[in-house]
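Novice:
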Amino acid sequence: LGLPLRSIENEYGPGQLECTFAARPAMQSADDYVLFRTATRQVCRRLGYFATFMCRPAFPGLCASGWHLHQSLADAGTGRNLFMPDSGDVPLSPLGMAYLAGLLTHATPAAVFATPTVNGFRRFQPNSLAPDRATWSHDHRGAMLRVLGGAGDPATRFENRIGEPAANPYLFIASQVIAGLDGVAQNAQPWPADDEPYEADRPRLPTSLGDALEALGDSALFREQLGDLYCDYYISLKRAELDRYLQNVADKSCSPEVNGVSDWEQNEYVDFF
Numbered sequence: 178l179g180l181p182l183r184s185i186e187n188e189y190g191p192g193q194l195e196c197t198f199a200a201r202p203a204m205q206s207a208d209d210y211v212l213f214r215t216a217t218r219q220v221c222r223r224l225g226y227f228a229t230f231m232c233r234p235a236f237p238g239l240c241a242s243g244w245h246l247h248q249s250l251a252d253a254g255t256g257r258n259l260f261m262p263d264s265g266d267v268p269l270s271p272l273g274m275a276y277l278a279g280l281l282t283h284a285t286p287a288a289v290f291a292t293p294t295v296n297g298f299r300r301f302q303p304n305s306l307a308p309d310r311a312t313w314s315h316d317h318r319g320a321m322l323r324v325l326g327g328a329g330d331p332a333t334r335f336e337n338r339i340g341e342p343a344a345n346p347y348l349f350i351a352s353q354v355i356a357g358l359d360g361v362a363q364n365a366q367p368w369p370a371d372d373e374p375y376e377a378d379r380p381r382l383p384t385s386l387g388d389a390l391e392a393l394g395d396s397a398l399f400r401e402q403l404g405d406l407y408c409d410y411y412i413s414l415k416r417a418e419l420d421r422y423l424q425n426v427a428d429k430s431c432s433p434e435v436n437g438v439s440d441w442e443q444n445e446y447v448d449f450f
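Residue numbers for the sequence shown follow this note's numbering, so the first one is 178 and each next one is one higher.
1) Please report the straight-line C-alpha distance between L246 and S439, rounded to a whole angstrom.
2) Roughly how many angstroms lie between the CA atoms of T333 and N296, to the nearest whole one?
3) How about the stretch 354-364 and the stretch 328-343: do they share at least three Cβ pairs that are nearer than 8 Å?
4) Ordered along the chain, which non-local residues of its own chain (more than five positions away) have a Cβ less than 8 Å from that of A377?
5) Is P181 near A199, with beta carbons less than 7 Å apart?
6) What are the start and end residues of the alpha helix (DSSP H) that includes F213?
7) Within a Cβ cutoff of 6 Å, which residues of the same chain sit near Y276, ignoring the five residues on either side of it in sequence?
8) Restricting to Cα atoms, I'd like to know which of T215, D316 and I355 is closest to T282.
9) Between the stretch 207-220 and the stretch 260-277, are three or more C-beta pairs nearer than 8 Å?
10) Can you tell me whether T215 is buried or exposed, with buried defined as 16 or more other CB within 10 angstroms of its CB?
11) Which of the three DSSP states is assigned to R310 in this structure?
12) Identify the residues that DSSP records as bridge partners of R334: which are they?
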């Protein structure tokens with residue numbers, strides 16, 4: 178398939194795997210993810226297995242899965258990593274810090290592009306290696322943004338841990354670019370790094386699809402960059418999905434939750450993704 182696979186390893190839950198890929202330009206990475214997700218499901222089905230990219234399936238003992246998006250900016254002419262700092266006193270270059278600040282500032286409205294399903298928000302729990310607030314830190318897996326690398330490291334980057342595997346890669350990546358470049362345009366500075374991200378006094382991430390959609394609707398930046406028509410259409414589409422879920426959970430005749438997940442979520446997402 179020509180995918181730049183780096184590793185496959187077992188994760189916490191039964192049958193749960195983590196796959197990592199080498200860095201590529203943003204659009205190519207999005208294309209690669211669609212191909213990987215589609216091919217994985219098709220090949221597994223042919224071999225008598227079932228693969229899903231649903232965040233938290235309703236199977237006993239399973240753990241939630243995330244999509245951790247690594248990102249950096251490179252010089253278009255030389256390929257030089259523009260996030261790499263000149264000295265070891267700072268974790269990122271000034272450009273990298275401004276980009277990071279943009280992601281922190283717009284983390285709440287951007288969340289719905291990284292986690293676009295009802296099910297995905299079940300992952301945001303304290304002390305779960307998934308973020309619950311807009312934090313950053315150097316190589317801390319509890320922070321939303323985990324900075325890696327430093328002076329002299331051409332692979333300097335940060336990892337946004339907010340995403341779920343069911344996310345649309347084009348929208349997820351676009352939301353990062355929009356938020357990050359706004360930070361660069363504003364010459365923004367991030368708040369201090371958090372060594373204890375689950376205890377930090379930082380803006381909380383949305384805890385439900387409804388909260389995330391409300392944040393997107395209130396975002397001047399995303400309305401400016403994506404357009405009112407697109408934002409309103411996307412919000413309308415996802416609100417219809419949310420309404421179907423709410424109608425289901427209000428129906429007392431529905432099956433009880435399994436692994437903290439409703440039967441509606443299982444029916445809606447497990448085979449679709």
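By construction, the Cβ of each residue, glycine as well, lies at the ideal position given by its N, Cα and C atoms.
Specialist: So, from the listed chains and residues:
1) Translated into the one-based positions of the sequence shown, residue 246 becomes position 69. Translated into the one-based positions of the sequence shown, residue 439 becomes position 262. Between L246 and S439, the C-alpha separation is close to 27 Å.
2) Translated into the one-based positions of the sequence shown, residue 333 becomes position 156. Translated into the one-based positions of the sequence shown, residue 296 becomes position 119. When rounded, the distance between both Cα atoms is 32 Å.
3) no
4) Translated into positions along the sequence shown, residue 377 becomes position 200. Cβ neighbours of A377 beyond the five flanking positions: R310, T312 and D371.
5) In the sequence shown, residue 181 corresponds to position 4, counting from 1. In the sequence shown, residue 199 corresponds to position 22, counting from 1. Yes, these two residues count as a Cβ contact at 7 Å.
6) Numbered from 1 along the sequence shown, position 36 holds the residue referred to as residue 213. Segment A203 to R223, the alpha helix (DSSP H) holding F213.
7) What you label residue 276 is simply residue 99 of the sequence shown in a count that begins at 1. Answer for Y276: G357, G360 and V361, listed in chain order.
8) Residue mapping note: residue 282 aligns to position 105 of the sequence shown, counting from 1. With distances taken between Cα atoms, T282 lies closest to I355.
9) no
10) Within the sequence shown, the letter at position 38 stands for residue 215. The residue is exposed, with fewer than 16 neighbouring Cβ atoms inside 10 Å.
11) Locating residue 310 in the sequence shown gives position 133, where the first residue counts as 1. R310 falls in the strand class under three-state DSSP.
12) Residue mapping note: residue 334 aligns to position 157 of the sequence shown, counting from 1. BP columns for R334 point to L325.
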